[in-house]
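Read through the structure below, which is laid out as structure tokens, and then see the notes.
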Amino acid sequence: MRSSGPDYSVFLRGMLRIIERHGAADTAKYFDASLATTDYYVRECGTWAGKGAERLGLAGQVRREDFMALANNKAPGTDQRITVRLKEDRRTGYDFCFAVPKSVSLYLAETGDKAVEQMILEAFNETMTDVEARMETRVRIGGPDRDRTTGNMVYASFIHTTGRPIEGICDPHWHIHAFTFNATFDPQEKRWKAGQFGNIKADAPFYEAAFNNYLAGKLVAAGYGVRRTDKHFELASVSRELIEKFSKRTRLVEQFIRENHTALYAKARALVKKTGMEFADAFAHVKSEIGARTRKKKTENKLTAEEQLVSWRSQMTPAERVSLQKEVVKGTPNENLLDPELAKELAIKHLYERASVARALHAAGMLLRRGLGRVTVDQDQSFCSARQAFHSSRLCRKACDYPGSTRGGESHDRARLGRKRRVRVPWQWK
């Protein structure tokens with residue numbers, strides 16, 4: 000039977016959330032309620048990172064007093080103000096939240112595979128290095144106001160392994176928060192200034208794609224089977240049914256979307272018009288903003304870590320538990336991984352159809368999604384320049400044979416590419 004309404008699940012994919020925080024009091028409440036180790040099954044306390052943190056002498060474990068000093072715009076251990084401007088409801092920072100695919104969370108809950116945990120941390124660190132390299136500040140001297148790259152940030156990362164409880168029970172949800180403070184050191188003016196996060200927030204789809212690509216590449220290289228999906232990936236051995244079984248929060252948000260879809264769609268369309276990003280990405284941004292309305296407090300979790308694992312296993316069939324065993328995960332072939340040339344072709348085709356895509360890194364993100372596990376982030380950087388050449392020339396060629404892919408999972412993308420003609424990508428021009 001055909002569904003009587005829109006398929007909202009298509010817009011509930013994993014998304015890098017970047018949430019703005021205001022005021023020291025609100026930030027303190029958020030630290031205690033959402034980042035503190037007492038409310039989550041976390042493996043360690045928060046950790047300082049970023050070139051800006053190094054400049055302030057911050058390293059290792061995060062202490063609450065240092066965190067709150069920064070939230071109050073003071074250098075930790077001193078009464079010295081960091082940035083010039085100070086007001087009660089100032090923007091204290093941004094909370095970046097990177098989540099791994101649900102199948103990876105389930106696999107780690109079952110096995111505790113330290114090698115995969117290390118891969119996640121490496122993928123997170125590499126992505127945050129990419130973010131930090133593009134950190135900016137506002138320049139208000141020597142001419143018209145403009146943004147300047149500083150390349151340094153101050154952030155604290157926190158590892159969490161479960162999501163918000165539903166009826167007192169959490170689902171596996173491995174994710175990392177990176178609370179990034181609103182301060183960056185301007186090497187030209189030789190002083191600390193407020194950060195300019197607008198471009199970083201607008202390019203969140205690229206950083207999400209980069210994180211997924213870093214992680215998928217490491218898993219594939221280590222012999223773990225992955226399955227490319229429309230927006231990211233899952234472990235190839237894990238069924239969609241098992242993933243849905245442990246996505247209770249997603250279903251709760253989906254219900255909220257059904258009940259409020261008109262207003263949410265309008266906000267998403269406005270974001271598409273403003274940024275040129277894909278509608279699914281814009282909708283995911285809107286979804287993250289309304290997520291707080293459906294959240295339960297983490298303290299409502301009723302089970303210990305050991306009881307939680309027993310509960311999770313009781314919800315799985317024997318076959319589903321087998322699919323999470325290391326030898327099965329590593330013994331399942333990769334699925335839907337595209338040949339790099341086909342991935343580039345599809346990304347260019349998408350751009351050709353959507354001339355309104357305004358940001359180069361959105362274009363790069365399109366390639367990383369399609370070339371997941373086969374196109375590296377380093378290789379992807381040339382795509383940004385090529386995309387600019389593409390929009391300048393709008394050249395294309397007649398149809399020719401498609402490059403191959405691994406296991407026939409490219410059928411949906413082939414259909415999108417069409418049979419009329421093949422766009423000749425800029426890096427193939429002679």
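Residues in the sequence shown are numbered consecutively from 0, following numbering that gives the first Met the number 0. C-beta: ideal position from N, C-alpha, C; glycine also.
Alpha helix (DSSP H) segment containing residue i, residue limits
i      : result
ILE256 : 247 to 258
PRO171 : PRO171 -> not in any alpha helix (DSSP H); beta strand (DSSP E) instead, spanning 171 to 180.
GLU240 : 239 to 244
ALA70  : 63 to 70
SER104 : 101 to 110
Simplified DSSP state of residue i, which is helix, strand or coil
i      : result
GLY141 : coil
ARG80  : strand
ASP25  : helix
LYS192 : strand
HIS431 : An answer regarding residue 431 cannot be provided, because it is not within the stretch 0 to 429 covered by the chain.
GLN60  : strand
SER156 : strand
LYS73  : strand
ARG54  : helix
GLU306 : helix
THR148 : strand
THR316 : coil
GLU131 : helix
ASP31  : helix
GLU19  : strand
ASP185 : strand
GLN117 : helix
ASP377 : helix
LYS329 : helix
ARG396 : Because the pLDDT at ARG396 is just 35, under 50, the model does not fix this residue reliably, and the value given afterwards should be weighed accordingly. In this structure, ARG396 counts as strand in the three-state DSSP scheme.
LEU263 : helix
LEU85  : coil
LEU270 : helix
LYS200 : helix
LEU341 : helix
LYS217 : helix
LEU360 : helix
GLU125 : helix
LEU366 : helix
Cβ neighbour criterion (16 or more within 10 Å) applied to residue i
i      : result
ALA58  : exposed
ASP229 : exposed
VAL321 : exposed
SER3   : Residue placement at SER3 is flagged as unreliable, the pLDDT there being 40, under the threshold of 50; the coordinate-derived value follows with that caveat. With fewer than 16 other Cβ atoms within 10 Å, it is exposed.
ILE17  : buried
ASN151 : buried
ASP31  : exposed
ASN212 : buried
LEU85  : exposed
VAL309 : exposed
GLU19  : exposed
ALA221 : exposed
THR179 : buried
ARG393 : The pLDDT assigned to ARG393 is 43, lower than 50, so where the model puts this residue is not dependable, and the model offers no usable value.
ASP65  : buried
ASN333 : buried
GLN60  : exposed
ASN335 : buried
PRO313 : The displayed chain sequence assigns Ser, not Pro, to residue 313. Counting Cβ neighbours within 10 Å, SER313 comes out exposed, since fewer than 16 surround it.
ASN259 : exposed
THR160 : buried
ALA363 : buried
GLU233 : buried
LYS217 : buried
Range of the contiguous beta strand (DSSP E) that encloses residue i
i      : result
GLY372 : Note, GLY372: premise wrong, no beta strand (DSSP E); not H, not E.
PHE97  : 90 to 98
TYR223 : TYR223 -> no beta strand (DSSP E), and no H or E assigned at all.
Residue i - partner residues in DSSP beta bridges
i      : result
TRP311 : Paired residues: none, contrary to the question.
GLU334 : ARG226
LEU234 : VAL225
ILE165 : ILE168
ALA48  : TYR154
THR136 : ARG147, GLY194
Near the ligand NAD: residue i beta-carbon under 7 Å from a heavy atom
i      : result
LYS247 : Of ligands this structure carries none, so the ligand NAD is not represented either.
Report task. Count the CB pairs spanning the segment 208 to 218 and the segment 58 to 75 that are closer than 8 Å, and state whether there are at least three. Result -> no
Query raised in the report: Any chance the segment 179 to 193 sits against the segment 312 to 329, with 3 or more Cβ pairs inside 8 Å?
Result: no
Query raised in the report: Three or more beta-carbon pairs under 8 Å between the segment 366 to 376 and the segment 337 to 347, yes or no?
Result: The answer is yes - the segment 337 to 347 touches the segment 366 to 376, with three or more Cβ pairs under 8 Å.
Requested in this report: Would you check if there are 3 or more beta carbon pairs closer than 8 Å linking the segment 145 to 165 to the segment 232 to 243?
Outcome: In short, these stretches do not touch, since the Cβ pair count stays below three.
Query - Cβ contact (3+ pairs, closer than 8 Å) linking the segment 99 to 116 and the segment 167 to 181 - result: yes
Report task. Would you check if there are 3 or more beta carbon pairs closer than 8 Å linking the segment 122 to 140 to the segment 46 to 58? Result -> yes
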